[in-house]
Amino acid sequence: MPMIPAQLTLPLIVTHGPKGYALLDSGNGRKLERFGTIVVERPEVQAMWQPLLPRTEWAKAHAVFSASGEDEEKGRWRVDKPVPEAWPVEVEGVRMQCKLAGLWHLGLFPEQAPHWQWMGEGLAGNAVAAPRDKPRVLNLFAYTGAASLIAARAGAEVVHVDASKKAVSWGRENAAASGLADAPV
């Protein structure tokens, strides 16, 4: 295989992701992930390569999201091993309650981890507000609240906005699980 000249390469930013998350493998339009102690298989259209792990490893998943036909939004979770109704995953010092939800969601987007880390560090150092002001954060499309809770934990006042009542309720559960039920969110 020929070597690529250094001037033609791009720097790679590598993050370790949330403490309780791991991307185990991906390929063939799917990804195999661990959220806390639960392993799931779900769609990932950008995973156009061949998986590295053998199919026997993928078969160990607790739950698999299967789409029906062309419209993946009409799929559902198939549970192959016991999965609790909700289970915790630690993210930047807050506790998120993951659940098997519609649209292959679990209540957490681990690819946002670099943003959460940057925000938490910036707010904790009060680098984003005048020294005498309490930082204020507007979190639009806030979903189940990871960014909102990380900001609140760092001392910010947060406005958490999401059109889904179910997601906002789930965010309140996450706040309680994180000991932030009384935080200014």
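If you want our numbering, it's the position in the sequence shown, counting the first as 1, plus 135.
Cβ coordinates follow ideal geometry from the N, Cα and C atoms, glycine included.
#1: If you reduce the DSSP assignment to three classes, tell me which class Gln252 lands in.
#2: Can you tell me whether DSSP reads Asn163 as helix, strand or coil?
#3: Just list the alpha helix (DSSP H) runs in the stretch 160-238, keeping only unbroken ones of 4 residues or longer that don't cross its boundaries, in chain order.
#4: Let me know if Leu167 comes out buried or exposed under the rule of 16 or more other beta-carbons within 10 Å of its beta-carbon.
#5: Lys234 to Leu315, Cα distance in whole Å?
#6: Measure the C-alpha to C-alpha separation of Ala282 and Ser304 and round it to an integer number of angstroms.
#7: Identify, in the order they occur along the chain, each residue of the same chain with its Cβ nearer than 7 Å to the Cβ of Asp215, setting aside the five sequence neighbours on each side.
#8: Whose C-alpha, out of Gly155, Arg169, Asp268, Ala277, is nearest the C-alpha of Val320?
#9: For Glu292, write down the residues that DSSP places opposite it in a beta bridge.
#10: Does DSSP classify Ala287 as helix, strand or coil?
#11: State the Cα-Cα distance for the pair Lys269 and Gly260, rounded to the nearest angstrom.
#12: Can you tell me whether Lys242 is buried or exposed? The criterion is at least 16 other CB atoms within 10 Å of its CB, across all chains shown.
#13: Alpha carbon to alpha carbon, how far is Gly290 from Leu258? Give it in angstroms, no decimals.
#14: To the nearest angstrom, report how far apart Leu275 and Gly155 are at their CA atoms.
#15: Sort Trp239, Val224, Pro249 by Cα distance to His151 and report the nearest one.
#16: Below 8 Å on the Cβ atoms is my guess for Leu273 versus Val229; work out the distance and round it to an integer in Å.
In short, the structure shows the following:
#1: Counting from 1 along the sequence shown, the entry for residue 252 is found at position 117. Helix, per DSSP.
#2: The sequence position of residue 163 within the sequence shown is 28, counting from 1. In this structure, Asn163 counts as coil in the three-state DSSP scheme.
#3: 190-193
#4: Translated into positions along the sequence shown, residue 167 becomes position 32. It is buried - the Cβ of Leu167 has at least 16 other Cβ atoms within 10 Å.
#5: Stepping through the sequence shown from its first residue, residue 234 is reached at position 99. Stepping through the sequence shown from its first residue, residue 315 is reached at position 180. C-alpha separation (whole angstroms): 20 Å.
#6: Locating residue 282 in the sequence shown gives position 147, counting from the first residue. Locating residue 304 in the sequence shown gives position 169, counting from the first residue. Between Ala282 and Ser304, the C-alpha separation is close to 15 Å.
#7: One-based indexing of the sequence shown puts residue 215 at position 80. Excluding residues within five positions, the ones whose Cβ falls inside 7 Å are Ala196, His197, Ala198, Val199.
#8: The residue labelled residue 320 in the question sits at position 185 within the sequence shown. The candidate whose alpha carbon is nearest that of Val320 is Ala277.
#9: One-based indexing of the sequence shown puts residue 292 at position 157. Beta-bridge pairing links Glu292 to Arg271.
#10: Reading the sequence shown from its first residue, position 152 is the one you call residue 287. If DSSP states are grouped into helix, strand and coil, Ala287 belongs with the helices.
#11: Position 134 of the sequence shown holds residue 269. Position 125 of the sequence shown holds residue 260. Distance between the alpha carbons of Lys269 and Gly260: 11 Å.
#12: The residue labelled residue 242 in the question sits at position 107 within the sequence shown. Per the sequence presented here, residue 242 reads as Gly, with Lys not at that position. So Gly242 ends up on the buried side.
#13: Stepping through the sequence shown from its first residue, residue 258 is reached at position 123. Stepping through the sequence shown from its first residue, residue 290 is reached at position 155. One C-alpha to the other measures close to 7 Å.
#14: On the sequence shown, residue 275 is found 140 positions in, with the first residue counted as 1. On the sequence shown, residue 155 is found 20 positions in, with the first residue counted as 1. When rounded, the distance between both Cα atoms is 25 Å.
#15: Within the sequence shown, residue 151 is the residue found at index 16, counting from 1. Comparing Cα-Cα distances from His151 to each of Trp239, Val224, Pro249, the minimum goes to Pro249.
#16: Here residue 273 is taken as the residue at index 138 of the sequence shown, counted from 1. Here residue 229 is taken as the residue at index 94 of the sequence shown, counted from 1. Incorrect: roughly 18 Å between the Cβ atoms, too far for contact.
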